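Numbering (the numbering used here), first residue to last: 369 to 887.
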(Lines of atoms letter the chains of each structure in order from A and count residues from 1; the text may use other names and numbers.)
(Lines give C-alpha, C1' and ligand atoms only; values in the text may rest on other atoms or scores of the structure.)
Protein backbone atom coordinates (compact mmCIF):
# COMPACT_ATOMS: atom_id res chain seq x y z
CA UNK A 1 0.00 0.00 0.00
CA UNK A 2 3.06 2.25 0.11
CA UNK A 3 3.92 4.53 2.99
CA UNK A 4 1.14 6.18 4.95
CA UNK A 5 0.60 8.89 7.53
CA UNK A 6 -1.49 8.60 10.69
CA UNK A 7 -3.47 11.45 12.27
CA UNK A 8 -5.25 11.49 15.63
CA UNK A 9 -8.37 13.64 16.05
CA UNK A 10 -9.75 14.32 19.57
CA UNK A 11 -13.16 15.92 20.08
CA UNK A 12 -13.71 17.18 23.65
CA UNK A 13 -17.50 17.34 23.60
CA UNK A 14 -19.82 18.45 26.36
CA UNK A 15 -21.02 14.91 27.00
CA UNK A 16 -18.36 12.66 25.46
CA UNK A 17 -14.65 12.90 24.68
CA UNK A 18 -14.02 11.04 21.43
CA UNK A 19 -10.89 9.85 19.64
CA UNK A 20 -10.51 8.91 15.98
CA UNK A 21 -7.22 7.62 14.55
CA UNK A 22 -7.06 7.90 10.75
CA UNK A 23 -4.61 6.42 8.29
CA UNK A 24 -3.95 8.22 5.00
CA UNK A 25 -2.06 6.17 2.40
CA UNK A 26 0.42 7.54 -0.11
CA UNK A 27 -2.22 7.10 -2.82
CA UNK A 28 -4.64 9.32 -0.89
CA UNK A 29 -6.92 6.56 0.46
CA UNK A 30 -8.02 6.85 4.08
CA UNK A 31 -9.66 4.78 6.81
CA UNK A 32 -10.26 4.75 10.57
CA UNK A 33 -7.79 2.43 12.36
CA UNK A 34 -8.78 3.09 16.00
CA UNK A 35 -11.28 5.02 18.04
CA UNK A 36 -12.32 5.68 21.63
CA UNK A 37 -15.09 7.34 23.61
CA UNK A 38 -15.29 8.45 27.24
CA UNK A 39 -18.46 9.88 28.84
CA UNK A 40 -16.96 12.89 30.66
CA UNK A 41 -20.24 14.86 31.14
CA UNK A 42 -18.32 18.14 31.26
CA UNK A 43 -21.33 20.46 30.82
CA UNK A 44 -23.12 18.69 33.69
CA UNK A 45 -20.12 19.31 35.95
CA UNK A 46 -19.82 23.07 35.43
CA UNK A 47 -20.44 24.85 38.76
CA UNK A 48 -23.12 27.60 39.04
CA UNK A 49 -20.24 30.08 38.59
CA UNK A 50 -19.33 28.41 35.31
CA UNK A 51 -16.14 26.77 36.52
CA UNK A 52 -14.99 23.27 35.65
CA UNK A 53 -13.98 21.69 39.00
CA UNK A 54 -10.47 20.31 39.56
CA UNK A 55 -11.70 16.70 39.70
CA UNK A 56 -13.26 16.99 36.21
CA UNK A 57 -10.13 18.68 34.84
CA UNK A 58 -7.83 15.94 36.17
CA UNK A 59 -10.09 13.27 34.69
CA UNK A 60 -9.91 15.06 31.33
CA UNK A 61 -6.11 15.21 31.61
CA UNK A 62 -6.01 11.42 32.11
CA UNK A 63 -8.26 10.82 29.09
CA UNK A 64 -6.13 13.09 26.87
CA UNK A 65 -2.91 11.39 27.99
CA UNK A 66 -4.46 8.00 27.26
CA UNK A 67 -5.66 9.11 23.80
CA UNK A 68 -2.26 10.68 23.01
CA UNK A 69 -0.60 7.36 23.92
CA UNK A 70 -2.92 5.46 21.55
CA UNK A 71 -2.12 7.92 18.74
CA UNK A 72 1.63 7.55 19.30
CA UNK A 73 1.36 3.72 19.36
CA UNK A 74 -0.13 3.95 15.85
CA UNK A 75 2.74 6.21 14.76
CA UNK A 76 0.62 9.37 14.48
CA UNK A 77 2.59 12.31 13.13
CA UNK A 78 -0.15 14.80 13.99
CA UNK A 79 -2.78 15.11 16.73
CA UNK A 80 -5.53 17.69 16.38
CA UNK A 81 -7.68 18.24 19.47
CA UNK A 82 -10.70 20.55 19.67
CA UNK A 83 -13.11 21.54 22.44
CA UNK A 84 -16.74 22.60 22.03
CA UNK A 85 -19.62 23.99 24.11
CA UNK A 86 -18.70 22.89 27.68
CA UNK A 87 -15.24 24.48 27.47
CA UNK A 88 -16.65 27.48 25.52
CA UNK A 89 -19.06 28.08 28.41
CA UNK A 90 -16.44 27.61 31.17
CA UNK A 91 -15.46 30.84 32.95
CA UNK A 92 -11.91 29.50 33.48
CA UNK A 93 -11.48 28.30 29.88
CA UNK A 94 -8.22 30.15 29.05
CA UNK A 95 -6.42 28.82 32.12
CA UNK A 96 -7.93 25.41 31.44
CA UNK A 97 -6.60 25.22 27.86
CA UNK A 98 -3.13 26.33 29.03
CA UNK A 99 -3.16 23.70 31.78
CA UNK A 100 -4.27 20.89 29.42
CA UNK A 101 -1.37 21.71 27.07
CA UNK A 102 1.17 21.74 29.93
CA UNK A 103 -0.16 18.55 31.56
CA UNK A 104 -0.70 16.42 28.41
CA UNK A 105 1.40 17.90 25.61
CA UNK A 106 -1.78 18.19 23.53
CA UNK A 107 -2.75 21.64 22.29
CA UNK A 108 -6.54 22.05 22.37
CA UNK A 109 -8.27 24.44 19.93
CA UNK A 110 -11.48 26.03 21.11
CA UNK A 111 -14.08 25.91 18.33
CA UNK A 112 -16.75 28.60 18.08
CA UNK A 113 -20.36 27.52 17.55
CA UNK A 114 -20.13 28.64 13.90
CA UNK A 115 -16.96 26.62 13.32
CA UNK A 116 -18.59 23.58 14.90
CA UNK A 117 -21.60 23.93 12.57
CA UNK A 118 -19.37 24.39 9.53
CA UNK A 119 -17.17 21.34 10.28
CA UNK A 120 -20.23 19.18 11.02
CA UNK A 121 -21.75 20.23 7.68
CA UNK A 122 -18.43 19.43 5.98
CA UNK A 123 -18.54 15.89 7.45
CA UNK A 124 -22.06 15.47 6.11
CA UNK A 125 -21.53 16.88 2.60
CA UNK A 126 -18.38 14.77 2.16
CA UNK A 127 -20.16 11.53 3.13
CA UNK A 128 -23.74 11.95 1.85
CA UNK A 129 -25.08 12.81 -1.59
CA UNK A 130 -27.39 15.54 -0.27
CA UNK A 131 -27.68 18.90 -2.04
CA UNK A 132 -30.53 20.52 -0.10
CA UNK A 133 -31.47 20.05 3.53
CA UNK A 134 -31.00 21.07 7.14
CA UNK A 135 -28.19 19.64 9.27
CA UNK A 136 -28.65 19.38 13.05
CA UNK A 137 -26.04 18.35 15.62
CA UNK A 138 -27.41 17.92 19.13
CA UNK A 139 -24.49 17.73 21.52
CA UNK A 140 -24.25 17.75 25.28
CA UNK A 141 -23.98 21.53 25.69
CA UNK A 142 -25.04 23.02 22.37
CA UNK A 143 -27.15 22.45 19.27
CA UNK A 144 -26.00 23.49 15.79
CA UNK A 145 -28.41 23.93 12.90
CA UNK A 146 -27.30 24.62 9.32
CA UNK A 147 -29.06 25.03 5.98
CA UNK A 148 -27.63 23.63 2.74
CA UNK A 149 -28.75 24.74 -0.71
CA UNK A 150 -27.14 23.26 -3.86
CA UNK A 151 -24.54 21.57 -1.69
CA UNK A 152 -23.44 24.86 -0.09
CA UNK A 153 -23.77 26.03 3.50
CA UNK A 154 -25.95 29.17 3.36
CA UNK A 155 -26.98 29.71 7.00
CA UNK A 156 -25.99 28.31 10.38
CA UNK A 157 -26.57 28.97 14.06
CA UNK A 158 -25.37 27.50 17.36
CA UNK A 159 -27.61 27.47 20.45
CA UNK A 160 -26.10 26.98 23.93
CA UNK A 161 -28.51 24.17 24.84
CA UNK A 162 -27.84 20.45 24.43
CA UNK A 163 -29.01 17.17 25.98
CA UNK A 164 -26.83 17.39 29.12
CA UNK A 165 -27.35 21.01 30.22
CA UNK A 166 -31.08 20.77 29.34
CA UNK A 167 -31.38 17.75 31.68
CA UNK A 168 -29.75 19.83 34.43
CA UNK A 169 -31.80 22.98 33.81
CA UNK A 170 -35.10 21.09 33.98
CA UNK A 171 -33.95 19.05 37.00
CA UNK A 172 -34.65 15.71 35.31
CA UNK A 173 -33.95 12.99 37.82
CA UNK A 174 -34.17 9.22 37.49
CA UNK A 175 -37.97 9.12 37.17
CA UNK A 176 -40.14 9.18 34.05
CA UNK A 177 -40.35 12.65 32.46
CA UNK A 178 -43.84 14.23 32.61
CA UNK A 179 -45.42 15.63 29.46
CA UNK A 180 -45.29 19.19 30.81
CA UNK A 181 -41.49 19.01 31.05
CA UNK A 182 -41.22 17.61 27.51
CA UNK A 183 -43.32 20.55 26.32
CA UNK A 184 -41.18 23.05 28.28
CA UNK A 185 -37.96 21.72 26.75
CA UNK A 186 -39.43 21.85 23.25
CA UNK A 187 -40.78 25.35 23.82
CA UNK A 188 -37.30 26.50 24.86
CA UNK A 189 -35.81 25.24 21.58
CA UNK A 190 -38.69 26.62 19.50
CA UNK A 191 -38.25 30.09 21.02
CA UNK A 192 -34.56 30.07 20.03
CA UNK A 193 -35.34 28.90 16.48
CA UNK A 194 -37.99 31.59 15.99
CA UNK A 195 -35.33 34.29 16.32
CA UNK A 196 -33.89 33.09 12.97
CA UNK A 197 -36.43 33.40 10.17
CA UNK A 198 -34.49 31.14 7.72
CA UNK A 199 -35.21 28.13 9.95
CA UNK A 200 -38.92 28.13 9.03
CA UNK A 201 -38.73 29.20 5.37
CA UNK A 202 -37.95 25.79 3.81
CA UNK A 203 -40.63 23.30 4.93
CA UNK A 204 -40.39 19.81 3.46
CA UNK A 205 -36.59 19.65 3.29
CA UNK A 206 -34.93 16.59 4.83
CA UNK A 207 -33.19 16.97 8.17
CA UNK A 208 -29.79 15.29 8.46
CA UNK A 209 -28.90 14.46 12.06
CA UNK A 210 -25.36 14.31 13.49
CA UNK A 211 -24.13 13.64 17.00
CA UNK A 212 -24.67 11.21 19.84
CA UNK A 213 -28.40 11.82 20.42
CA UNK A 214 -29.36 11.03 16.82
CA UNK A 215 -27.03 8.03 16.61
CA UNK A 216 -28.38 6.65 19.91
CA UNK A 217 -31.96 6.97 18.63
CA UNK A 218 -31.06 5.21 15.36
CA UNK A 219 -29.34 2.30 17.15
CA UNK A 220 -32.37 1.90 19.40
CA UNK A 221 -34.87 1.90 16.53
CA UNK A 222 -32.75 -0.49 14.45
CA UNK A 223 -32.66 -2.95 17.35
CA UNK A 224 -36.41 -2.61 18.03
CA UNK A 225 -37.38 -3.20 14.40
CA UNK A 226 -34.76 -5.92 13.67
CA UNK A 227 -33.47 -3.68 10.90
CA UNK A 228 -31.33 -5.98 8.76
CA UNK A 229 -28.72 -3.58 7.38
CA UNK A 230 -25.59 -3.22 9.55
CA UNK A 231 -24.91 0.53 9.11
CA UNK A 232 -26.26 3.63 10.88
CA UNK A 233 -25.02 6.12 8.28
CA UNK A 234 -27.93 6.80 5.91
CA UNK A 235 -30.63 5.24 8.14
CA UNK A 236 -33.95 7.12 7.82
CA UNK A 237 -36.77 7.80 10.28
CA UNK A 238 -40.05 9.69 9.98
CA UNK A 239 -40.98 12.56 12.30
CA UNK A 240 -43.68 10.36 13.89
CA UNK A 241 -41.09 7.65 14.69
CA UNK A 242 -38.96 10.22 16.52
CA UNK A 243 -42.02 11.37 18.48
CA UNK A 244 -43.00 7.79 19.27
CA UNK A 245 -39.52 7.01 20.65
CA UNK A 246 -39.46 10.20 22.73
CA UNK A 247 -42.75 9.36 24.48
CA UNK A 248 -41.84 5.70 25.03
CA UNK A 249 -38.51 6.65 26.62
CA UNK A 250 -39.99 9.50 28.68
CA UNK A 251 -42.58 7.12 30.15
CA UNK A 252 -39.98 4.84 31.79
CA UNK A 253 -37.40 5.58 34.53
CA UNK A 254 -33.68 5.97 33.77
CA UNK A 255 -32.69 2.53 35.12
CA UNK A 256 -35.12 0.88 32.66
CA UNK A 257 -33.82 3.01 29.78
CA UNK A 258 -30.28 1.85 30.58
CA UNK A 259 -31.33 -1.77 30.09
CA UNK A 260 -32.76 -1.20 26.60
CA UNK A 261 -30.83 -3.13 23.92
CA UNK A 262 -29.07 -0.74 21.57
CA UNK A 263 -28.90 2.19 24.01
CA UNK A 264 -25.54 2.75 25.74
CA UNK A 265 -25.84 3.04 29.52
CA UNK A 266 -24.40 6.56 29.72
CA UNK A 267 -27.20 7.85 27.42
CA UNK A 268 -30.03 6.70 29.72
CA UNK A 269 -30.53 10.03 31.50
CA UNK A 270 -29.84 12.40 28.57
CA UNK A 271 -31.59 10.69 25.64
CA UNK A 272 -35.03 12.15 26.52
CA UNK A 273 -33.97 15.83 26.65
CA UNK A 274 -31.90 15.25 23.48
CA UNK A 275 -34.93 13.84 21.63
CA UNK A 276 -37.19 16.61 22.95
CA UNK A 277 -34.83 19.18 21.39
CA UNK A 278 -34.61 17.13 18.18
CA UNK A 279 -38.39 16.86 17.83
CA UNK A 280 -38.75 20.62 18.41
CA UNK A 281 -36.28 21.25 15.55
CA UNK A 282 -38.13 18.81 13.24
CA UNK A 283 -41.51 20.40 13.95
CA UNK A 284 -40.29 24.00 13.73
CA UNK A 285 -38.44 23.62 10.39
CA UNK A 286 -41.33 21.57 8.93
CA UNK A 287 -39.40 18.42 8.06
CA UNK A 288 -40.95 14.94 7.93
CA UNK A 289 -37.79 12.92 7.36
CA UNK A 290 -34.70 12.48 9.53
CA UNK A 291 -31.59 10.94 7.90
CA UNK A 292 -28.79 9.79 10.19
CA UNK A 293 -25.26 10.90 9.37
CA UNK A 294 -22.75 8.53 10.98
CA UNK A 295 -19.89 10.96 10.26
CA UNK A 296 -19.39 13.75 12.76
CA UNK A 297 -17.05 16.43 14.00
CA UNK A 298 -14.01 14.11 14.09
CA UNK A 299 -14.51 13.07 10.47
CA UNK A 300 -15.05 16.67 9.36
CA UNK A 301 -11.84 17.71 11.14
CA UNK A 302 -9.86 14.86 9.59
CA UNK A 303 -11.13 15.55 6.06
CA UNK A 304 -10.53 19.28 6.42
CA UNK A 305 -7.03 18.72 7.86
CA UNK A 306 -5.78 15.84 5.69
CA UNK A 307 -7.98 15.45 2.58
CA UNK A 308 -8.67 18.97 1.33
CA UNK A 309 -11.54 19.25 -1.12
CA UNK A 310 -9.50 20.65 -4.01
CA UNK A 311 -7.88 17.26 -4.58
CA UNK A 312 -11.19 15.59 -5.32
CA UNK A 313 -13.19 18.30 -7.02
CA UNK A 314 -13.54 17.58 -10.70
CA UNK A 315 -16.11 19.03 -13.02
CA UNK A 316 -19.43 18.78 -11.15
CA UNK A 317 -21.43 18.12 -14.31
CA UNK A 318 -21.32 15.16 -16.65
CA UNK A 319 -21.75 15.41 -20.41
CA UNK A 320 -25.51 14.87 -20.18
CA UNK A 321 -25.86 17.76 -17.78
CA UNK A 322 -26.30 15.42 -14.80
CA UNK A 323 -24.72 16.20 -11.47
CA UNK A 324 -21.90 13.77 -10.73
CA UNK A 325 -22.34 11.96 -7.41
CA UNK A 326 -18.97 13.18 -6.08
CA UNK A 327 -19.43 11.43 -2.72
CA UNK A 328 -19.89 8.06 -4.43
CA UNK A 329 -17.00 8.73 -6.82
CA UNK A 330 -14.66 9.52 -3.93
CA UNK A 331 -15.86 6.46 -1.98
CA UNK A 332 -15.23 4.04 -4.85
CA UNK A 333 -11.84 5.63 -5.48
CA UNK A 334 -11.03 5.26 -1.78
CA UNK A 335 -12.14 1.59 -1.63
CA UNK A 336 -10.24 0.53 -4.75
CA UNK A 337 -7.11 2.33 -3.48
CA UNK A 338 -7.38 0.65 -0.06
CA UNK A 339 -8.00 -2.81 -1.55
CA UNK A 340 -6.27 -2.89 -4.96
CA UNK A 341 -7.14 -6.37 -6.31
CA UNK A 342 -7.50 -5.63 -10.03
CA UNK A 343 -5.96 -3.08 -12.43
CA UNK A 344 -7.96 0.14 -12.52
CA UNK A 345 -7.96 0.05 -16.35
CA UNK A 346 -9.67 -3.37 -16.31
CA UNK A 347 -12.36 -2.23 -13.86
CA UNK A 348 -13.02 0.94 -15.89
CA UNK A 349 -13.27 -1.09 -19.09
CA UNK A 350 -15.72 -3.58 -17.52
CA UNK A 351 -17.78 -0.66 -16.20
CA UNK A 352 -17.83 1.01 -19.64
CA UNK A 353 -18.86 -2.20 -21.41
CA UNK A 354 -21.55 -2.98 -18.81
CA UNK A 355 -23.11 0.48 -19.14
CA UNK A 356 -22.94 0.33 -22.97
CA UNK A 357 -24.92 -2.94 -22.92
CA UNK A 358 -27.33 -1.60 -20.27
CA UNK A 359 -28.21 1.38 -22.48
CA UNK A 360 -29.22 -0.96 -25.33
CA UNK A 361 -30.93 -3.73 -23.33
CA UNK A 362 -32.54 -2.06 -20.28
CA UNK A 363 -35.11 0.29 -21.89
CA UNK A 364 -37.13 -2.60 -23.38
CA UNK A 365 -37.04 -4.60 -20.13
CA UNK A 366 -38.49 -1.89 -17.86
CA UNK A 367 -35.34 -1.76 -15.72
CA UNK A 368 -35.37 1.64 -13.92
CA UNK A 369 -32.74 4.07 -15.20
CA UNK A 370 -31.35 4.61 -11.68
CA UNK A 371 -30.07 1.01 -11.80
CA UNK A 372 -27.46 2.18 -14.34
CA UNK A 373 -25.38 3.85 -11.62
CA UNK A 374 -25.59 0.72 -9.42
CA UNK A 375 -24.34 -1.44 -12.31
CA UNK A 376 -21.48 0.97 -13.12
CA UNK A 377 -20.45 1.04 -9.43
CA UNK A 378 -20.69 -2.76 -9.05
CA UNK A 379 -18.46 -3.16 -12.11
CA UNK A 380 -15.73 -1.10 -10.43
CA UNK A 381 -15.96 -3.09 -7.19
CA UNK A 382 -16.72 -6.69 -8.24
CA UNK A 383 -13.17 -7.96 -7.58
CA UNK A 384 -12.73 -6.35 -4.15
CA UNK A 385 -13.37 -9.60 -2.22
CA UNK A 386 -10.18 -11.11 -3.65
CA UNK A 387 -8.27 -9.05 -1.06
CA UNK A 388 -9.46 -11.66 1.50
CA UNK A 389 -9.37 -14.80 -0.65
CA UNK A 390 -9.65 -15.27 -4.41
CA UNK A 391 -11.47 -18.63 -4.09
CA UNK A 392 -14.55 -17.18 -2.43
CA UNK A 393 -14.22 -13.79 -4.03
CA UNK A 394 -17.97 -13.28 -4.62
CA UNK A 395 -18.96 -14.03 -1.00
CA UNK A 396 -16.22 -11.75 0.33
CA UNK A 397 -17.19 -9.01 -2.13
CA UNK A 398 -20.80 -9.09 -0.93
CA UNK A 399 -19.78 -9.04 2.74
CA UNK A 400 -17.26 -6.23 2.29
CA UNK A 401 -19.61 -3.98 0.32
CA UNK A 402 -22.43 -4.44 2.84
CA UNK A 403 -20.22 -3.94 5.93
CA UNK A 404 -17.58 -1.46 4.76
CA UNK A 405 -18.23 2.24 5.22
CA UNK A 406 -18.65 3.75 1.75
CA UNK A 407 -20.92 6.62 0.92
CA UNK A 408 -23.15 8.27 -1.64
CA UNK A 409 -25.92 5.64 -1.77
CA UNK A 410 -28.93 4.62 0.31
CA UNK A 411 -28.86 1.32 2.25
CA UNK A 412 -31.02 -0.35 -0.41
CA UNK A 413 -28.74 0.90 -3.21
CA UNK A 414 -25.60 -0.33 -1.40
CA UNK A 415 -27.23 -3.73 -0.92
CA UNK A 416 -28.26 -4.02 -4.58
CA UNK A 417 -24.80 -2.91 -5.76
CA UNK A 418 -23.21 -5.58 -3.52
CA UNK A 419 -25.60 -8.20 -4.93
CA UNK A 420 -24.86 -7.23 -8.57
CA UNK A 421 -21.10 -7.21 -7.91
CA UNK A 422 -21.17 -10.70 -6.34
CA UNK A 423 -23.81 -12.30 -8.61
CA UNK A 424 -23.41 -16.06 -9.26
CA UNK A 425 -26.93 -17.10 -10.23
CA UNK A 426 -30.49 -16.73 -8.94
CA UNK A 427 -30.34 -19.41 -6.22
CA UNK A 428 -27.40 -17.93 -4.36
CA UNK A 429 -28.89 -14.44 -4.92
CA UNK A 430 -32.12 -15.45 -3.14
CA UNK A 431 -30.17 -16.87 -0.20
CA UNK A 432 -27.98 -13.77 -0.05
CA UNK A 433 -30.83 -11.25 -0.08
CA UNK A 434 -33.43 -13.12 2.02
CA UNK A 435 -32.34 -11.52 5.36
CA UNK A 436 -32.81 -8.05 3.81
CA UNK A 437 -36.32 -8.47 2.39
CA UNK A 438 -37.71 -5.62 4.50
CA UNK A 439 -35.58 -2.98 2.75
CA UNK A 440 -36.01 -4.26 -0.83
CA UNK A 441 -38.57 -3.00 -3.34
CA UNK A 442 -40.72 -5.04 -5.68
CA UNK A 443 -38.76 -6.08 -8.78
CA UNK A 444 -35.32 -5.68 -7.14
CA UNK A 445 -34.52 -9.39 -7.21
CA UNK A 446 -35.28 -9.67 -10.93
CA UNK A 447 -33.33 -6.49 -11.77
CA UNK A 448 -30.26 -7.74 -9.84
CA UNK A 449 -30.39 -11.10 -11.70
CA UNK A 450 -30.36 -9.29 -15.03
CA UNK A 451 -27.66 -6.78 -14.08
CA UNK A 452 -25.52 -9.43 -12.36
CA UNK A 453 -25.57 -11.48 -15.57
CA UNK A 454 -24.78 -8.33 -17.57
CA UNK A 455 -21.77 -7.62 -15.34
CA UNK A 456 -20.53 -11.19 -15.80
CA UNK A 457 -20.74 -10.70 -19.57
CA UNK A 458 -18.93 -7.34 -19.40
CA UNK A 459 -16.20 -8.98 -17.31
CA UNK A 460 -15.91 -11.82 -19.85
CA UNK A 461 -15.41 -9.26 -22.63
CA UNK A 462 -12.18 -8.10 -20.94
CA UNK A 463 -11.12 -11.44 -19.45
CA UNK A 464 -7.54 -11.00 -20.68
CA UNK A 465 -7.50 -7.58 -18.94
CA UNK A 466 -6.04 -6.05 -22.10
CA UNK A 467 -8.80 -3.49 -22.82
CA UNK A 468 -8.56 -4.67 -26.43
CA UNK A 469 -12.20 -3.84 -27.28
CA UNK A 470 -12.31 -0.31 -28.72
CA UNK A 471 -16.04 -0.18 -29.43
CA UNK A 472 -19.04 -2.48 -29.09
CA UNK A 473 -22.21 -2.58 -31.14
CA UNK A 474 -25.21 -4.77 -30.37
CA UNK A 475 -27.98 -6.30 -32.40
CA UNK A 476 -30.81 -8.48 -31.06
CA UNK A 477 -31.74 -11.11 -33.64
CA UNK A 478 -33.68 -14.41 -33.36
CA UNK A 479 -33.06 -14.87 -29.61
CA UNK A 480 -29.40 -13.91 -29.92
CA UNK A 481 -27.49 -10.90 -28.62
CA UNK A 482 -24.90 -10.26 -31.34
CA UNK A 483 -21.92 -8.36 -29.91
CA UNK A 484 -19.87 -6.80 -32.71
CA UNK A 485 -16.55 -5.72 -31.22
CA UNK A 486 -13.87 -3.61 -32.85
CA UNK A 487 -10.70 -4.90 -31.16
CA UNK A 488 -6.90 -4.68 -31.21
CA UNK A 489 -6.44 -8.46 -31.50
CA UNK A 490 -8.58 -11.63 -32.03
CA UNK A 491 -9.68 -12.14 -28.33
CA UNK A 492 -9.62 -15.97 -28.13
CA UNK A 493 -9.92 -15.88 -24.30
CA UNK A 494 -12.92 -13.53 -24.41
CA UNK A 495 -14.65 -15.62 -27.08
CA UNK A 496 -14.35 -18.73 -24.87
CA UNK A 497 -15.60 -16.87 -21.76
CA UNK A 498 -18.64 -15.42 -23.55
CA UNK A 499 -19.54 -18.90 -24.86
CA UNK A 500 -19.33 -20.45 -21.38
CA UNK A 501 -21.69 -17.75 -20.03
CA UNK A 502 -24.30 -18.33 -22.73
CA UNK A 503 -26.69 -20.52 -20.74
CA UNK A 504 -26.74 -18.33 -17.60
CA UNK A 505 -27.15 -15.12 -19.61
CA UNK A 506 -30.03 -16.65 -21.54
CA UNK A 507 -31.78 -17.53 -18.24
CA UNK A 508 -31.66 -13.89 -17.14
CA UNK A 509 -32.28 -12.10 -20.47
CA UNK A 510 -33.80 -14.70 -22.81
CA UNK A 511 -30.90 -14.04 -25.20
CA UNK A 512 -27.75 -16.00 -26.09
CA UNK A 513 -24.68 -13.75 -26.45
CA UNK A 514 -22.50 -14.24 -29.57
CA UNK A 515 -19.22 -12.38 -29.93
CA UNK A 516 -18.09 -11.23 -33.37
CA UNK A 517 -14.68 -9.58 -33.63
CA UNK A 518 -13.31 -7.14 -36.16
CA UNK A 519 -9.60 -6.43 -35.64
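For glycine and all other residues, C-beta sits at the position ideal for the given N, C-alpha and C. Because the structure is a prediction, the values reported are computed rather than measured.
Discussion item. Which residues does DSSP list as the beta-bridge partners of residue 375?
Written reply: Counting from one through the chain shown, the residue named residue 375 turns up at place 7. According to DSSP, residue pairing for residue 375 in a beta bridge involves 390, 446.
Worksheet item: Are three or more beta carbon pairs between the segment 777-789 and the segment 737-751 nearer than 8 angstroms?
Response: Judged by Cβ distances under 8 angstroms, the segment 777-789 makes contact with the segment 737-751, as three or more pairs qualify.
Worksheet item: With 16 as the cutoff for other CB atoms within 10 Å, does residue 818 come out buried or exposed?
Response: Numbered from 1 along the chain shown, position 450 holds the residue referred to as residue 818. When all chains shown are included, residue 818 counts as buried.
Discussion item. Taking the alpha-carbon of residue 775 as reference, which of 701, 725, 489 has the nearest alpha-carbon?
Written reply: Residue 775 sits at position 407 when you count from the first residue of the chain shown. It is 701.
Discussion item. Using a Cβ-Cβ cutoff of less than 6 angstroms, which residues in the same chain neighbour residue 839 once the five nearest sequence positions on both sides are dropped?
Written reply: As a first step, residue 839 is located in the chain shown; it is residue number 471 there, counting from the start. Answer for residue 839: 854, listed in chain order.
Worksheet entry | Cβ neighbours of residue 508 in the same chain (closer than 8 angstroms, five flanking residues each side left out) | Counted from its first residue, the chain shown places residue 508 at position 140. Taken in chain order, the residues that qualify are 381, 382, 383, 384, 409, 410, 411, 412, 453, 454, 530, 531, 532, 533, 580, 638.
Worksheet item: Hey, quick one: how far does the beta strand (DSSP E) through residue 772 stretch, first residue to last?
Response: Taking the chain shown and counting its residues from 1, the one referred to as residue 772 is at position 404. Neither: residue 772 is in no beta strand (DSSP E) and is coded neither H nor E.
Worksheet item: Considering only residues of the segment 780-867, which uninterrupted beta strand (DSSP E) runs meet the minimum length of 3 residues and lie entirely inside it, listed in chain order?
Response: Fully enclosed beta strand (DSSP E) runs of 3 or longer: 837-845, 848-855.
Item to complete: Give the straight-line distance between the Cα atoms of residue 655 and residue 604, rounded to the nearest whole angstrom.
Response: As a first step, residue 655 must be located in the chain shown, where it is residue number 287. As a first step, residue 604 must be located in the chain shown, where it is residue number 236. Going from the Cα of residue 655 to the Cα of residue 604 covers about 13 angstroms.
Worksheet item: Roughly how many angstroms lie between the CA atoms of residue 717 and residue 830, to the nearest whole one?
Response: The count along the chain shown starts at 1 and reaches residue 717 at position 349. The count along the chain shown starts at 1 and reaches residue 830 at position 462. Distance between the alpha carbons of residue 717 and residue 830: 7 angstroms.
Discussion item. For a quick check, are the C-beta atoms of residue 448 and residue 665 less than 7 angstroms apart?
Written reply: Along the chain shown, read from residue 1 onward, the residue named residue 448 stands at position 80. Along the chain shown, read from residue 1 onward, the residue named residue 665 stands at position 297. The beta carbons of residue 448 and residue 665 sit no closer together than 7 angstroms.
Discussion item. Would the segment 595-613 count as touching the segment 466-486 if we require 3 or more Cβ pairs under 8 angstroms?
Written reply: Counting Cβ pairs under 8 angstroms, fewer than three are found: no touch.
Discussion item. So, for residue 392: in the same chain, excluding its five sequence neighbours on each side, which residues have a beta-carbon less than 8 angstroms away from its beta-carbon?
Written reply: The residue given as residue 392 occupies position 24 in the chain shown. For residue 392, the CB contacts under 8 angstroms within the same chain, skipping 5 residues up- and downstream, are 372, 373, 374, 375, 398, 674, 675 in chain order.
Fill in: Beta-carbon spacing of residue 524, residue 485 below 7 angstroms
Translated into positions along the chain shown, residue 524 becomes position 156. Translated into positions along the chain shown, residue 485 becomes position 117. The answer is yes: Cβ separation under 7 angstroms.
Item to complete: With a threshold of 16 other CB atoms inside 10 Å of the CB of residue 450, please say whether the residue is buried or exposed.
Response: Reading the chain shown from its first residue, position 82 is the one you call residue 450. Burial call: buried.
Item to complete: State the Cα-Cα distance for the pair residue 338 and residue 585, rounded to the nearest angstrom.
Response: The requested residue 338 is not part of the displayed model; the chain covers only 369 to 887.
Fill in: Pairwise C-alpha distance: residue 640 and residue 621
Here residue 621 corresponds to residue number 253 of the chain shown, with the count starting at 1. Here residue 640 corresponds to residue number 272 of the chain shown, with the count starting at 1. Distance between residue 621 and residue 640, taken at the CA atoms: about 11 angstroms.
Discussion item. Please give me, in chain order, every unbroken run of the beta strand (DSSP E) with length at least 3 that falls completely inside the segment 628-700.
Written reply: With a minimum length of 3 residues, the continuous beta strand (DSSP E) runs that stay inside the segment 628-700 are 657-660.
Fill in: Per DSSP, cross-strand counterpart(s) of residue 521
Mapped onto the chain shown, residue 521 falls at position 153. As a beta-bridge residue in DSSP terms, residue 521 pairs with 516.
Worksheet item: Shortest alpha-carbon distance to residue 812 belongs to which of 827, 825, 794?
Response: The residue labelled residue 812 in the question sits at position 444 within the chain shown. A check of alpha carbon separations from residue 812 across 827, 825, 794 identifies 794 as the nearest.
Worksheet entry | For residue 879, the three-state DSSP class (helix, strand or coil) | By 1-based counting over the chain shown, the position of residue 879 is 511. Three-state DSSP puts residue 879 in coil, outside helix and strand.
Worksheet entry | Start-to-end residues for the beta strand (DSSP E) that takes in residue 604 | The residue labelled residue 604 in the question sits at position 236 within the chain shown. The continuous beta strand (DSSP E) containing residue 604 extends over residues 604-606.
Worksheet item: When the Cα atoms are used, what is the spatial distance from residue 340 to residue 650?
Response: Within the shown structure, residues of the chain are numbered from 369 to 887, placing residue 340 beyond reach of any answer.
Worksheet item: From residue 879 to residue 796, what distance separates their C-alpha atoms?
Response: One-based indexing of the chain shown puts residue 879 at position 511. One-based indexing of the chain shown puts residue 796 at position 428. Distance between the alpha carbons of residue 879 and residue 796: 21 angstroms.
Worksheet item: Among 464, 479, 402, which residue has its Cα nearest to the Cα of residue 443?
Response: In the chain shown, counting from the first residue as 1, residue 443 sits at position 75. With distances taken between Cα atoms, residue 443 lies closest to 402.
Fill in: Residues near residue 865 by beta carbon distance below 6 angstroms, same chain, minus five either side
Within the chain shown, the letter at position 497 stands for residue 865. Non-local C-beta neighbours of residue 865 in its own chain, meaning closer than 6 angstroms and more than five positions away in sequence, comprise 828, 831, ordered along the chain.
Discussion item. Tell me whether the segment 543-551 and the segment 491-505 touch, counting them as touching only if at least three CB pairs, one residue from each stretch, are closer than 8 angstroms.
Written reply: The segment 543-551 vs the segment 491-505: no contact.
Discussion item. Output needed for residue 715: all residues of its chain with C-beta closer than 6 angstroms, excluding positions within five of it in sequence on either side, in chain order.
Written reply: Numbered from its first residue, the chain shown carries residue 715 at position 347. Closer than 6 angstroms at Cβ, skipping near neighbours: 748.
Discussion item. Give me, in chain order, the residues of the same chain whose beta-carbon lies closer than 6 angstroms to that of residue 587; leave out the 5 immediate sequence neighbours on both sides.
Written reply: On the chain shown, position 219 is the one that residue 587 refers to. For residue 587, where only same-chain residues beyond five positions count, the Cβ hits under 6 angstroms are 630.
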